[in-house]
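Numbering (this note's numbering), first residue to last: 97 to 849.
Take a look at the structure below.
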Amino acid sequence: MVEDAKFLKRKIRAGSIDVHPTEKALVVHYETEATILGELGNPMVGDRKESQKIIRVRNLNENTDIPELAKKIISSCKLISENKYPQVEHLLKYLLNRKETKIVKNQKPSIISETLADPGAFDSTEIDEIAHLAELDDYLELLYEGISEKLRASALILQLARNPDNLEELFQNETLIGALARVLREDWKKSTDLATNIAYIFFCFSSFSNFHGVILHFKIGALIMNIIDHELKKYDLWVEELDRKHKLSNNKSETGLTTDDKCLVDEAQSNYETSFLKYTSLVRKQEQLFRVSFYLLLNISEDLSVEIKMHNKGIVSMICKCLNRDNFELLILLVSFLKKLSIFSENKDEMLKNGIIEKLSKMLCRPEEDLVNLCLRLLYNLSFDTSARLEMVSKGVLNKIVGLLENTQHQPVALYILYHLTTEAQSRPAFVNTQCLPFLKKLILENPEEKSDLIPMALGINLVLDNQCANAMLGESRCFKLMSKRAIKFRDQLIMKLLRNATRNNDLLKLKMVDFLPELLKIVTDEKPFLMNTPRNLYPSTKPTRYDELKISGKKHLNIEVLNSKINQNNTSSLLGNRLKMKIYKTDDGNNGSCGEGDDNDKEKDDDDDDENEFRKKEEDFKFECLGCLANLNLKDIQYSKVITEFSLLKWIKSHLESVHVQKPNDILNRTPEVINGFGPSFSSSMFPNHPDDEILEIVRMLSAICQDPDAGKMVIEAGVVHNLISLLNGACWLVCVDISTVITKTFDTTFL
Numbered sequence: 097m098v099e100d101a102k103f104l105k106r107k108i109r110a111g112s113i114d115v116h117p118t119e120k121a122l123v124v125h126y127e128t129e130a131t132i133l134g135e136l137g138n139p140m141v142g143d144r145k146e147s148q149k150i151i152r153v154r155n156l157n158e159n160t161d162i163p164e165l166a167k168k169i170i171s172s173c174k175l176i177s178e179n180k181y182p183q184v185e186h187l188l189k190y191l192l193n194r195k196e197t198k199i200v201k202n203q204k205p206s207i208i209s210e211t212l213a214d215p216g217a218f219d220s221t222e223i224d225e226i227a228h229l230a231e232l233d234d235y236l237e238l239l240y241e242g243i244s245e246k247l248r249a250s251a252l253i254l255q256l257a258r259n260p261d262n263l264e265e266l267f268q269n270e271t272l273i274g275a276l277a278r279v280l281r282e283d284w285k286k287s288t289d290l291a292t293n294i295a296y297i298f299f300c301f302s303s304f305s306n307f308h309g310v311i312l313h314f315k316i317g318a319l320i321m322n323i324i325d326h327e328l329k330k331y332d333l334w335v336e337e338l339d340r341k342h343k344l345s346n347n348k349s350e351t352g353l354t355t356d357d358k359c360l361v362d363e364a365q366s367n368y369e370t371s372f373l374k375y376t377s378l379v380r381k382q383e384q385l386f387r388v389s390f391y392l393l394l395n396i397s398e399d400l401s402v403e404i405k406m407h408n409k410g411i412v413s414m415i416c417k418c419l420n421r422d423n424f425e426l427l428i429l430l431v432s433f434l435k436k437l438s439i440f441s442e443n444k445d446e447m448l449k450n451g452i453i454e455k456l457s458k459m460l461c462r463p464e465e466d467l468v469n470l471c472l473r474l475l476y477n478l479s480f481d482t483s484a485r486l487e488m489v490s491k492g493v494l495n496k497i498v499g500l501l502e503n504t505q506h507q508p509v510a511l512y513i514l515y516h517l518t519t520e521a522q523s524r525p526a527f528v529n530t531q532c533l534p535f536l537k538k539l540i541l542e543n544p545e546e547k548s549d550l551i552p553m554a555l556g557i558n559l560v561l562d563n564q565c566a567n568a569m570l571g572e573s574r575c576f577k578l579m580s581k582r583a584i585k586f587r588d589q590l591i592m593k594l595l596r597n598a599t600r601n602n603d604l605l606k607l608k609m610v611d612f613l614p615e616l617l618k619i620v621t622d623e624k625p626f627l628m629n630t631p632r633n634l635y636p637s638t639k640p641t642r643y644d645e646l647k648i649s650g651k652k653h654l655n656i657e658v659l660n661s662k663i664n665q666n667n668t669s670s671l672l673g674n675r676l677k678m679k680i681y682k683t684d685d686g687n688n689g690s691c692g693e694g695d696d697n698d699k700e701k702d703d704d705d706d707d708e709n710e711f712r713k714k715e716e717d718f719k720f721e722c723l724g725c726l727a728n729l730n731l732k733d734i735q736y737s738k739v740i741t742e743f744s745l746l747k748w749i750k751s752h753l754e755s756v757h758v759q760k761p762n763d764i765l766n767r768t769p770e771v772i773n774g775f776g777p778s779f780s781s782s783m784f785p786n787h788p789d790d791e792i793l794e795i796v797r798m799l800s801a802i803c804q805d806p807d808a809g810k811m812v813i814e815a816g817v818v819h820n821l822i823s824l825l826n827g828a829c830w831l832v833c834v835d836i837s838t839v840i841t842k843t844f845d846t847t848f849l
């Protein structure tokens, strides 16, 4: 029958027109019908195939003449009849309105997502064909042809790979995957577009961890890193060549040139412009290759062993070299990759060697808020390193971070970074000429909540240790007064600690604190517990407090202690002891058969006790900070003799010094090695059980301040406080050196006992 076939008849039927779902293009559907006719004209074999033609309109914008463009499309495409002109015009208008909206100034910032977007369509992926899984064998054959055929095959396979539903079937075709890996390994230098397409295909596989095996099997990661390294060297050569031509073209402005020289300069200018256009095109294609390549490496680096291999091959250096690009999508990918790598000190050190601080400083000025926030997060990871903190201050990063404090999106991470910077004493003076101090002052005084926020307060507490910062923040009389009143009104130990640090070595602020001397003395010497007007105190409790809520509040309080470098051993042990007793009590009740309302009441009572203990701990911390403020007031102009008389201060001091239990030498020597190495408290006190040693120190400092007044000094001697101080010295000698050797023990026994 085939031998009788004489003619081939092909008929094309035009179909519907639609817009492309992702790209700026029209999709024309059509059907091709092929029929083989016999000698007599009768049909012998027939077949139909549905196809699509994609018409891209990449230059479509607000200035485009849409009616004229519609006519041009109809005239150039035979599949669209003239009677469909209104439909084509309507679809073009739809595409125009579907474009991404531009960033509006003062627009509400978008919520930052850690997930990066799909790279999208590149120049190398554009092809006027629709790929089908049924034709994979045809695409495989094209991979054994020339570069143009390989490029076409890779673009079609990439169309399929970008649909996650097709990845499993592509993965099962081992011959195809092997051919793609071979072509990438052999021909990546011959065509950047071909390398981009195949790297993009493997990136699609890397998006799912169950396909990582095939990438590791063909060592695609190592190959991709070799490609990136080669492209970076090519980029350096492009820049060098472009700079050379640019210098030649600039010689046109020089005087005294002959006509022939000017012609040569004009020619050089023309060559430079041509080279610049070519350079721009090459860089754009290179950045497309970098996007899919680094994205692939980021995906497979979730395996720690793979990340270590990347580090050994210099992945950090490669990424840092690419940070001078201007492509937003590439930059946000690179910074995300660096943020992931920065959790390891080896990678962090490599970043600092490659000048990461200066590169990130430039990126903080970019308009894209998502990128800026990622840069801040990377800086936060780096700020755990001392050299990085000092470099941030010296390279001007501090001012840029402070400038982002007003942005609510960047404020939390910016405050964390600034807090880390203030841990270096030499960096604190740099804050004086910034807007950080006025911002903190406003944040503290205008806080609608009674409890101060931890991180801003920790930042302020560190800053006021520098006298210049303390004067700039609290030098204004009204500000210091408002801050002190707020601390006393809300019993805020954080604000009081800030005032304590500020008045430590600042005579100007000490004078301002004198106005609050009576109130501070009343707080410290008042033995009655302070009751806050909370609902629990005003009304009987009807709902038991959940244990998870108590644990959360306990963690928050622990963070405050960490920031203030206080180790609360006694309170922790007592709290654990109370909980242990509570559990034993409930177990005994259970064994006795008691249950029901009695257990609920006991639980509510225990919850109340925990709340009371927590409140008592906060009140104790507040009183301790007030005591520290009083100890700072070592001014000669204060008539402490009157203060002592009015508040019975010496009686209070003597009673607390006498109640202190001093550790005896034998007690210290009998401590366990863990306690000795941990430098446990040498004193215990009933007033400040959580600050035993610190309380003694502050009381002694306050006595030193009192003795600045000669009359008050005499009263101290007459009250017999000196004997209490001598007893403290007899015990405190062991704080200098604790050694269990017999020689040291004998020496101290004969000297002090």
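For glycine and all other residues, C-beta sits at the position ideal for the given N, C-alpha and C.
Item: Contact set for Leu338: own chain, Cβ-Cβ below 8 Å, skip 5 residues either direction; Value: Tyr368, Ser371, Phe372, Tyr375
Item: Cβ-Cβ distance between Tyr126 and Lys107 below 8 Å; Value: no
Item: When Leu239, Glu710, Arg421 are compared against Leu276, the one with the closest alpha-carbon; Value: Leu239
Item: Beta-carbon proximity check, Ser85 vs Leu517, cutoff 8 Å; Value: With the chain represented from 97 up to 849, any question about residue 85 goes unanswered, as that position is not in the structure.
Item: DSSP state of Lys315 mapped onto helix, strand, coil; Value: coil
Item: Whole-Å CB distance - Leu746 paired with Val818, under 8 Å assumed; Value: That pair is no contact at about 12 Å.
Item: Reference Leu272; option with closest CA among Thr288, Lys810, Ile243, Asp234; Value: Asp234
Item: Local conformation of Gly63 per DSSP, three classes; Value: Nothing can be reported for residue 63, as the shown portion of the chain is limited to 97 through 849.
Item: Nonlocal neighbours in the same chain, by C-beta distance under 8 Å from Val279, ignoring five residues either side; Value: Leu239, Lys246, Ser250, Leu290, Ile294
Item: Limits of the alpha helix (DSSP H) - the one that Arg582 falls within; Value: 573-586
Item: Unbroken stretches of the alpha helix (DSSP H), 4 residues or longer, contained in the segment 365-447; Value: 400-408, 411-417, 424-437
Item: Reference Thr346; option with closest CA among Met798, Gln365, Trp334; Value: It is worth fixing the name first, because residue 346 is Asn in this sequence and not Thr. Checked all of Met798, Gln365, Trp334; the closest Cα to Asn346 is Gln365.
Item: Complete beta strand (DSSP E) runs within the segment 222-256 (minimum length 3 residues, chain order); Value: none
Item: Top-ranked residue by Cα proximity to Pro525, from Asp283, Thr128, Ser171, Gln564; Value: Gln564
Item: Integer-rounded CB distance, given that Ile557 should sit under 8 Å from Leu605; Value: 14 Å between Cβ atoms; not a contact.
Item: Sequence-distant residues of the same chain with beta carbon closer than 7 Å to Ala484, five excluded per side; Value: Leu448, Ile453, Leu478
Item: Where Phe390 falls, given that 16 or more other Cβ within 10 Å makes a residue buried; Value: buried
Item: Neighbour-count burial assignment, Ile404, 16 or more Cβ in a 10 Å radius; Value: exposed
Item: Assigned secondary structure, Ile176 (DSSP; H/G/I helix, E/B strand, else coil); Value: coil
Item: His407 versus Val431 - alpha carbon distance; Value: 16 Å
Item: Sheet register partners of Thr128 (DSSP bridge); Value: Ile108, Lys145
Item: Same chain, Cβ closer than 8 Å to Asp325, neighbours up to 5 away in sequence not counted; Value: Gly410, Met414
Item: Euclidean distance between Cα positions of Asp644 and Glu710; Value: With a pLDDT of 35 at Asp644, under the threshold of 50, the modelled position of that residue is not reliable, and the figure given next carries that caveat. The straight-line gap from Cα to Cα measures roughly 14 Å.
Item: Proximity of Leu236 and Ser302 at Cβ, strictly below 8 Å; Value: no
Item: Lys810 versus Thr741, Glu794, Ser823, Leu824, residue with shortest Cα-Cα distance; Value: Thr741
Item: Per-residue DSSP class, three states only, for Ile151; Value: strand
Item: 8 Å contact criterion, which Glu721 and Met609 should meet: CB distance rounded; Value: At roughly 12 Å, the Cβ-Cβ gap does not stay under 8 Å, so Glu721 and Met609 are not in contact.
Item: Length of the line joining the Cα atoms of Leu475 and Pro463; Value: 18 Å
Item: Test item: CB-CB of Leu252 and Ala227 under 8 Å; Value: yes
Item: Per-residue burial, Glu916 [other beta carbons within 10 Å of its own, 16 or more giving buried]; Value: The chain is shown from 97 up to 849; residue 916 falls before or after that span and cannot be answered.
Item: Proximity of Leu514 and Ile540 at Cβ, strictly below 8 Å; Value: no
Item: Exposure of Arg109, with buried meaning 16 or more beta-carbon neighbours within 10 Å; Value: exposed
Item: Collapsed DSSP secondary structure at Val123 in the structure displayed; Value: strand
Item: Alpha-carbon to alpha-carbon, Lys455 and Lys444; Value: 14 Å
Item: Val468 versus Met459 - alpha carbon distance; Value: 7 Å
Item: Beta-carbon spacing of Gly724, Glu794 below 8 Å; Value: yes
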